[in-house]
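These notes are about the structure you will find just below.
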Amino acid sequence: MTFASDRLAPMANAIRALSMDAVQAANSGHPGMPMGMADVATVLFSKFLKFDPAAPRWPDRDRFVLSAGHGSMLIYSLLYLTGYESPTIEDIRNFRQLGSVCAGHPENFLIPGVECTTGPLGQGLAMAVGMAMAERHLNATFGDALVDHNTWVIAGDGCLMEGINHEAIGLAGNLRLGKLKVLWDDNKITIDGDTSLSTSEDIPARYRAAGWDVFSCDGHDYADIERALSDAAVSDKPALVACRTVIGKGAPNKQGSHDVHGSALGTDEVAAAREYLGWAAKPFDIPAAILANWRSLGDAGAKARAVWETRLNGSVHAEEFNRRMAGELPDGEPIRKALAEWVNAGSTVATRKASENWLNVLAPVMPEMVGGSADLTGSNNTKAKCQAPFNAENYAGRYVYYGIREFGMAAAMNGMALHGGVIPYGGTFLIFSDYCRNAIRLSALQQTRAIYVLTHDSIGLGEDGPTHQPVEQVMSLRLIPNLNVFRPADAIETAECWNIALETADTPSILALTRQNLPQLRKSGEMLSARGAYVLRRSEADRKVILIATGSEVELACKVRDELERRGIGADVVSMPCMELFEAQDEAYKHEVLPHDPSILRVSIEAGSTLGWERYTAFSRNGGLTIGLDRFGASAPAKDLFARFGFTTEAIVPKILDKLSA
40 MTFASDRLAP
50 MANAIRALSM
60 DAVQAANSGH
70 PGMPMGMADV
80 ATVLFSKFLK
90 FDPAAPRWPD
100 RDRFVLSAGH
110 GSMLIYSLLY
120 LTGYESPTIE
130 DIRNFRQLGS
140 VCAGHPENFL
150 IPGVECTTGP
160 LGQGLAMAVG
170 MAMAERHLNA
180 TFGDALVDHN
190 TWVIAGDGCL
200 MEGINHEAIG
210 LAGNLRLGKL
220 KVLWDDNKIT
230 IDGDTSLSTS
240 EDIPARYRAA
250 GWDVFSCDGH
260 DYADIERALS
270 DAAVSDKPAL
280 VACRTVIGKG
290 APNKQGSHDV
300 HGSALGTDEV
310 AAAREYLGWA
320 AKPFDIPAAI
330 LANWRSLGDA
340 GAKARAVWET
350 RLNGSVHAEE
360 FNRRMAGELP
370 DGEPIRKALA
380 EWVNAGSTVA
390 TRKASENWLN
400 VLAPVMPEMV
410 GGSADLTGSN
420 NTKAKCQAPF
430 NAENYAGRYV
440 YYGIREFGMA
450 AAMNGMALHG
460 GVIPYGGTFL
470 IFSDYCRNAI
480 RLSALQQTRA
490 IYVLTHDSIG
500 LGEDGPTHQP
510 VEQVMSLRLI
520 PNLNVFRPAD
530 AIETAECWNI
540 ALETADTPSI
550 LALTRQNLPQ
560 LRKSGEMLSA
570 RGAYVLRRSE
580 ADRKVILIAT
590 GSEVELACKV
600 RDELERRGIG
610 ADVVSMPCME
620 LFEAQDEAYK
630 HEVLPHDPSI
640 LRVSIEAGST
650 LGWERYTAFS
660 RNGGLTIGLD
670 RFGASAPAKD
680 LFARFGFTTE
690 AIVPKILDKL
700 SA
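Everything in the sequence shown is counted per my numbering, starting at 40 for the first residue and increasing by one.
Shown next as C-alpha cells:
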C-alpha cells in the first residue's frame with residue numbers, strides 16, 4: 040500500500056512526536072535527526088523498503104542501517120509504528136533507561152529489527168558496505184530467486200566526515216555495489232554548530248570520484264524525495280542521495296539549530312511543536328488511523344516474503360542456503376582427518392604459513408568463508424588456493440582485495456557477518472589492529488563471527504623495526520569483552536585455533552601469528568587449545584616452577600624447562616593460546632593447570648607487555664616472575680632482537696634461580 044502526501048505527513052509527524060516525547064521523558068538524547076529525517080524515512084518505509092515486521096530475520100529483506108545512531112529514536116519509532124514485536128510503546132516510554140531495549144544507540148543484540156549496532160559514526164555505513172558485499176556474493180551463488188535485496192542507509196554529516204567513510208565508499212565504488220543506497224541527512228549541522236565550522240569539502244564530488252551515483256532532493260517534499268529515491272533504486276552504482284533537511288523539523292523555535300542536536304527540546308518547546316505540527320495526541324499516544332496506516336505497510340512485505348518462501352521451498356539450493364543463513368557449519372570429517380595427518384607431520388613453519396596451509400584445508404569444504412587482506416595478502420598468507428577474487432566482474436569470488444583500508448575492512452567484515460550466509464576473515468599486521476580497533480570492538484559487542492588474521496605478532500618480525508613491532512597490542516586486545524585472542528605456538532595450535540574461531544558463532548576471534556618459523560611442539564590431536572591453556576610439558580624432577588607462555592615463546596619455555604630439569608629443578612610448561620577460553624574453564628581445571636600452591640614459582644613468558652600477566656603469576660613463590668617487553672623494539676634480525684631483550688634460555692634461567700633462592 041502507498042499513500043499520498045496528505046497521508047504521509049501525519050505518519051511522519053508520528054515519528055516526530057514519539058522522538059521528542061521519548062527524549063523529553065529521558066531528558067537525554069538526540070531529537071534533531073529523527074525529526075529532521077522523519078519525512079525521508081516515511082517515504083522510504085512506505086514506498087521502497089522490503090520488510091516484514093513478523094519476520095525480522097527474513098533472509099531476503101532489505102537491510103536498513105541507521106548509521107547516524109545517535110538519532111536512535113528514528114529507528115525505534117519506525118519499528119514500533121510498522122508493527123515489529125520489539126520495541127513496545129513501554130520500551131519507548133523508558134528510552135535510555137535501565138531495562139529498556141531502547142538504548143541510547145541502537146543495539147542489534149537487543150532488538151531483532153536493528154540490523155547492526157551503530158553510534159560510532161561512519162561504521163554503520165561501512166558495515167552496510169559489507170552487507171551489500173554479502174548480498175552480491177550470495178546472489179552470485181544462489182541467484183535472483185533467493186537473494187535480491189537492497190541495503191539502505193541513513194547517514195549524517197558526522198558519518199561522512201569520519202575517516203572510515205573514505206575507506207568504505209572507495210571500496211564500495213570499486214566493487215560497484217549497486218544495491219547500496221545511502222540517504223544523507225544533509226542538514227549542515229553538527230553538535231558544535233554549522234558544518235562550515237569544520238568542513239568545506241564538496242561531498243557529492245567526493246562520492247562521484249569514488250564511483251558513486253549522486254542524487255539530491257528536498258528532504259521535506261514527499262514527491263521530490265520519492266523521485267530521488269526512485270532514481271537511486273535503479274542505479275547500477277552505489278548511490279548517495281543528498282536529502283536537504285532542517286534538523287529538528289517541527290520544533291518552531293529550535294529547528295535548524297545545533298541546539299536541537301543533542302538535548303531534549305524542553306517542555307515549552309515540545310508544547311510549541313505539538314501546536315506547530317497540529318499534533319493533539321497525548322505523549323506516546325498515536326492516533327488509531329495513523330497507526331493503522333503504518334501497520335498496513337507490513338502487509339506488502341508479508342506477501343513478498345510468502346512468494347519468496349515458495350521459491351525457496353522449490354529451489355534445489357534450499358538446503359545449502361538455509362544452512363549458510365543459519366550459520367551452521369558443514370560436515371567436519373574432512374577437517375578432522377586433515378588435523379590427524381598434521382599431527383604426524385612434524386612441520387616447522389611460521390604460524391602465518393601454518394594458517395595459510397590450514398585455510399587450504401578449510402576453504403574447499405566451507406564455501407561460506409570469504410577472506411581478504413588490507414593489501415598484505417603475501418605477508419598475511421590469507422588467500423587459499425581455491426579462492427578467486429571477489430570483484431565487480433565476479434561476485435562469486437571469495438577473496439577480497441581491500442586495499443590499504445584496515446578500518447574499512449574490519450567494518451565490512453562485521454557487515455558481512457551480520458548479513459548472514461558468509462563467514463568473513465581478513466588480514467593485516469597485528470600492529471595495525473590499532474587502525475581497526477573500534478570495529479573489532481563492535482565485532483565483540485555485536486557478537487559477530489568475524490575472524491581477524493593478524494600476523495607479524497612480535498619483535499620476531501625483525502628488521503621493520505619498532506613502528507611495525509607490536510608490544511602492547513596483544514594484551515590490549517585481550518581487554519575487549521567477548522573477543523577471543525589466540526596466539527598459537529605451532530602448526531597444530533594454529534589449526535585448532537582456526538577451528539575454534541569458526542565454531543564460535545557469537546564471538547569474534549583474533550589469530551596473532553608469527554613471521555618466523557616455529558617447530559611443531561604438539562604430538563597430540565586432542566583439541567587442547569579449546570581449554571585456553573594446558574600443560575604441554577610436565578616436570579620430571581620435583582616441580583618447583585610453572586612456565587606459562589604463548590606463541591613463539593612456548594618453544595623458548597620448553598628450552599628453559601629442559602635447562603631447569605638438567606639442574607634438578609622440575610618445571611611444567613603451560614601453553615596458553617587463549618586467555619579468554621582459559622578463564623571460561625571451571626575452577627577444577629584451572630587449578631589442575633595452575634595449582635594453588637604458593638611454593639611453586641610461576642613464570643610468564645611473552646614478547647610483549649607484562650601488564651596483565653600478574654593474574655597468573657602473583658599467586659606464586661616470591662610474587663612470581665613476568666618475562667616480557669615493556670618498551671618499544673628495535674630494527675634488527677629477529678634472533679638478535681630476542682637476545683637483546685632477554686628472550687633466551689641464558690637470560691631467563693638465572694632470573695628463575697634468583698627467585699627460587701630469594
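Even glycine gets a Cβ: it sits at the ideal position worked out from N, Cα and C.
Hey, residue i and residue j: beta-carbon distance below 7 Å or not?
i           : j           : result
residue 390 : residue 500 : no
residue 90  : residue 340 : yes
residue 616 : residue 525 : yes
residue 102 : residue 166 : no
residue 612 : residue 595 : no
residue 207 : residue 447 : yes
residue 325 : residue 51  : no
residue 60  : residue 468 : no
residue 644 : residue 592 : yes
residue 99  : residue 176 : no
residue 647 : residue 656 : no
residue 95  : residue 138 : no
residue 474 : residue 549 : no
residue 424 : residue 438 : no
Which one of the options has the shortest CA to CA distance from residue i?
i           : options               : result
residue 251 : 330, 546 and 280      : 280
residue 382 : 458, 242 and 559      : 559
residue 264 : 360, 47, 282 and 572  : 282
residue 81  : 203, 336 and 158      : 336
residue 413 : 159, 45 and 470       : 470
residue 670 : 625, 683 and 602      : 683
residue 126 : 107, 109, 146 and 108 : 146
residue 45  : 666, 441 and 259      : 259
residue 122 : 104, 667, 530 and 329 : 329
For residue i, count neighbouring C-beta atoms within 10 Å of its own C-beta (all shown protein chains included) and say buried if the count is 16 or more, exposed if not.
i           : result
residue 428 : exposed
residue 433 : exposed
residue 396 : buried
residue 676 : exposed
residue 534 : buried
residue 236 : exposed
residue 148 : exposed
residue 370 : exposed
residue 275 : exposed
residue 217 : buried
residue 466 : buried
residue 66  : exposed
residue 291 : exposed
residue 161 : buried
residue 136 : exposed
Report the CB separation of residue i from residue j in whole angstroms; it is logged as a contact under 8 Å.
i           : j           : result
residue 366 : residue 74  : Residue 366 to residue 74, Cβ: 38 Å. No contact.
residue 119 : residue 128 : 6 Å
residue 350 : residue 184 : 5 Å
residue 224 : residue 194 : 7 Å
residue 418 : residue 494 : 6 Å
residue 606 : residue 639 : About 16 Å separates the two Cβ atoms, so there is no contact after all.
residue 614 : residue 668 : Between residue 668 and residue 614 the Cβ distance is about 19 Å, and since that is not below 8 Å, they are no contact.
Which of the three DSSP states, helix, strand or coil, is assigned to residue i?
i           : result
residue 577 : coil
residue 37  : The question about residue 37 has no answer, for the chain in this structure spans 40 to 701.
residue 461 : coil
residue 420 : coil
residue 329 : helix
residue 664 : strand
residue 585 : strand
residue 694 : helix
residue 470 : helix
residue 66  : coil
residue 254 : strand
residue 191 : strand
residue 405 : coil
residue 438 : strand
residue 282 : strand
residue 556 : strand
residue 89  : coil
residue 446 : helix
residue 491 : strand
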